[in-house]
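Number of protein chains: 2
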Amino acid sequence: MKYTNDTILNLFESALQQLQTPEEPELLYSPIIYSMSGGGKRLRPVLLLLTVDAFGGNVEEALPAGVAVEVFHNFTLLHDDIMDNASMRRGKPSVFAKWGGNVALLSGDTMLIIAYKYLARVGAKNLDRVLNIFSDMAIEVCEGQQYDMDFESAEKVSAVDYIQMIERKTSALLSGSAMIGATLAEASDDDVRKMHRFATELGLAFQLQDDMLDSYGDESLGKKIGGDILEGKQTYLMVQAMSRANDEQREVLRSTHKRKDIGDDEKIAIVKALYDALDVKHSTEQQIEIRFERALTILDTLSIAGERTKHLEEFARGLMGRKK
Amino acid sequence: MKYTNDTILNLFESALQQLQTPEEPELLYSPIIYSMSGGGKRLRPVLLLLTVDAFGGNVEEALPAGVAVEVFHNFTLLHDDIMDNASMRRGKPSVFAKWGGNVALLSGDTMLIIAYKYLARVGAKNLDRVLNIFSDMAIEVCEGQQYDMDFESAEKVSAVDYIQMIERKTSALLSGSAMIGATLAEASDDDVRKMHRFATELGLAFQLQDDMLDSYGDESLGKKIGGDILEGKQTYLMVQAMSRANDEQREVLRSTHKRKDIGDDEKIAIVKALYDALDVKHSTEQQIEIRFERALTILDTLSIAGERTKHLEEFARGLMGRKK
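Top line first, the protein sequences correspond to chains A and B.
With our numbering applied, the first sequence has no gaps in its numbers, which climb one by one up to 305 at the end.
With our numbering applied, the second sequence has no gaps in its numbers, which climb one by one up to 305 at the end.
So this is what it looks like as structure tokens:
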């Protein structure tokens, strides 16, 4: 393996800087440049390229596929921000807030097409398979977003429903990236499938941890607590709490975020008190551990030498904010 | 040639009926079925398939590419209707009006991905080239839509600017369809280029005629007159009129659609009186004839026998509503 997570990220950032768009029409292309240069951790291309490297493939040749998944990811952010009416993204005004819904819509559409343009550069030999993985993944992401919106007005969301939703909305793009990387490196079908499962479990662990940090994160690290609670969003904690609550508690969980007679801090305190009473933190932590351990275990079953998965394991730990 | 315009349309409709989508999530897929079964003339797939046939290619094998361009076209309608706040489409409520902006947005995204899924079925040999034609065409359509929106608030739009806009917004999809058809039938690069020019000129003639019928159409045929005028839209007539008007006339052209003191019929009458005075009907008719004749002439320069272009010529005449 020639690359570490850091060197692969540097290589990718250089490739991304060569992403050129026409100057006109300015309102179509400026938001794309704004969105792509807005930082972010480039998790999906890094996972794709680390996978290529782990299976002994050519990382440089895979760079356009990395650009494709990153442009796709940013396309979803532009359109999600329209649907969620979100004014901020990565600490800056969202494209939606800065230019309005029509611009975010059309620039987003253009980004989805640009993603396919980059994908088409992966070389004729694997194009067909990579294209299918990419499109299937992209459709799963759209399905996940639709389920997420459906859940906002759903009477009851089970833990199974919720996991299936985040498998699409969060895991699919990580898993597609890993599968594309493995395919480009000519990994066996069995290894491609295993990379799919690795990234799916890792994505679930990551999303569940994100859910938990919204209620139990460390505010001293600058993390604002309770955003999901105030928005009345479905999270694993809320889904678990609803299933364990009695009728009276359920009504409190359902209605607190809509109350006008109390402030934000009090709303958060009420819901968190119920989370504590119903012990949902513990069962969420358990789920995170199960998923994360499962992901690492799958890495050990790949057909390649154990040392080749070292950087993928580091990636997984890094994603979860763990040193070791 | 095995097919006429009618038999090729029937074949395409059968292929389209096999378009299957999952049942869930219902709010993602129902609008797609609604949109695809909403009729329309299937102009783009018919042109694609007629081109395949003219160059002696396999029409059945090209059907998925036909589905791709038709799904893409309907994707643009879903998203355009959001941007234009349009409640009706083909005499029925638009997806935007029926389900709301978020559904039209996300179902539209999914349709763009489905279009690529169908495109990926064209066979490995031509996949790379067809994919590039399709993506370049798709980006042109987005650019055209952005220029169209830019023009709404532009101080001055020249005839050249306007033609360049509709070349992207209307012609690009016809021209991309023709190029994909020619490519799948293994036409020479020169013939592919000529099919591009044929469909570009035809698309311009078609759009300019559409512009003209908004002001000078036959109301007895059920065509409502003056819709573009009332919306204050840029059309070739308006662009020409603005360039010929004196300052006073220009102010009338610019402001009449916004007046609150008069009714719709009077607004239309005022603007049409200026169109007549400035003789824009005549110059628009001239442009239409020039573009249409140019399209037909290009067909004669293709490397294939003249009789093979018969159905393409019929298609062109049919598009313009001309018998002969």
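C-beta atoms are modelled at their ideal positions from N, C-alpha and C, and glycine is treated no differently.
Bear in mind that the values here come from a model prediction, so they are computed numbers and not experimental data.
With a minimum length of 3 residues, there is no unbroken run of beta strand (DSSP E) contained wholly in the segment 7 to 56 of chain A.
Between isoleucine 114/B and threonine 181/B, the C-beta gap is not smaller than 8 Å, which leaves the two residues out of contact.
Judged by DSSP in its simplified three-state form, lysine 291/A adopts helix. Taking a beta-carbon distance threshold of 8 Å, lysine 137/B does not count as an interface residue toward chain A.
Membership of glutamate 5/A in any alpha helix (DSSP H) is not indicated, and neither H nor E is assigned to it by DSSP. In this structure, leucine 218/B sits near serine 196/B, with a CB-CB distance shorter than 8 Å.
Residues of the segment 100 to 116 of chain A with a C-beta less than 7 Å from any C-beta of chain B: Ala101, Ala105, Leu108, Asp109, Leu112, Asn113 and Ser116, listed in chain order. Using a Cβ-Cβ cut-off of 8 Å, histidine 60/B counts as an interface residue toward chain A, since at least one Cβ of chain A sits closer than that to its own. The segment 127 to 136 of chain B makes no contact with the segment 13 to 26 of chain B: fewer than 3 CB pairs, one atom from each, lie closer than 8 Å.
Around the beta carbon of glutamate 124/B, a 10 Å sphere encloses 16 or more other beta carbons of the protein chains shown; the residue is thus reported as buried.
Using beta-carbon distances, asparagine 83/A counts as an interface residue toward chain B, with a partner under 8 Å. Contact annotation: glycine 82/B and isoleucine 63/B have beta-carbon atoms nearer than 8 Å.
By the Cβ neighbour-count rule, histidine 54/A is buried, with 16 or more other Cβ atoms within 10 Å of its own.
Residue contact with chain B for glutamate 4/A: absent (no Cβ-Cβ distance below 8 Å to any residue of chain B).
Taking 8 Å as the cut-off, the Cβ atoms of valine 52/B and leucine 154/B do not count as close.
For the set Ala186/B, Thr278/B and Gly287/B, the Cα lying nearest the Cα of arginine 303/B is the one of Ala186/B. By the Cβ test, the segment 223 to 230 of chain B is in contact with the segment 252 to 266 of chain B, since at least three Cβ pairs between them sit closer than 8 Å.
At a cut-off of 8 Å between beta carbons, alanine 119/A contacts chain B. By the Cβ criterion, the segment 285 to 304 of chain B is in contact with the segment 29 to 45 of chain B, since at least three pairs of Cβ atoms, one from each stretch, lie closer than 8 Å. Shortest Cα-Cα distance from valine 233/A to any of Asp199/A, Ala254/A and Gly244/A involves Ala254/A. Inter-residue distance for threonine 2/B and tyrosine 10/B is about 7 Å (C-alpha atoms, whole angstroms).
Ranked by Cα distance from isoleucine 14/B, the first of Ala46/B, Gly89/B and Gly38/B is Gly89/B. Note: arginine 70/B is bridge-paired with Lys73/B in the DSSP secondary-structure output.
Its Cα nearest to that of isoleucine 161/B, the residue Phe36/B stands out among Lys214/B, Asn66/B and Phe36/B. Rounded to the nearest angstrom, the gap between the Cα atoms of aspartate 199/B and leucine 59/A is 43 Å.
Glutamine 221/B sits close to threonine 265/B, with the two beta carbons spaced by under 8 Å. When the Cα atoms are used, valine 103/A and lysine 106/B turn out to be separated by approximately 15 Å. Only exposed fits methionine 69/B, as fewer than 16 other CB atoms lie within 10 angstroms of its CB. Across the structure, serine 116/B and valine 173/B are spaced so that their CA atoms are roughly 16 Å apart. In chain order, Leu87 make up the part of chain B whose C-beta sits under 7 Å from the C-beta of glutamine 126/A. No Cβ of chain A is located within less than 8 Å of the beta carbon of isoleucine 147/B.
Per DSSP, reduced to three states, the secondary structure at glutamine 215/A is coil, with no helix or strand assignment. In this structure, the straight-line span from the alpha carbon of methionine 301/B to that of glycine 157/B is close to 19 Å.
Proline 74/A is classed as exposed because its beta carbon has fewer than 16 other beta carbons within 10 Å across all chains shown. In the structure shown, the three-state DSSP call for lysine 79/A is helix.
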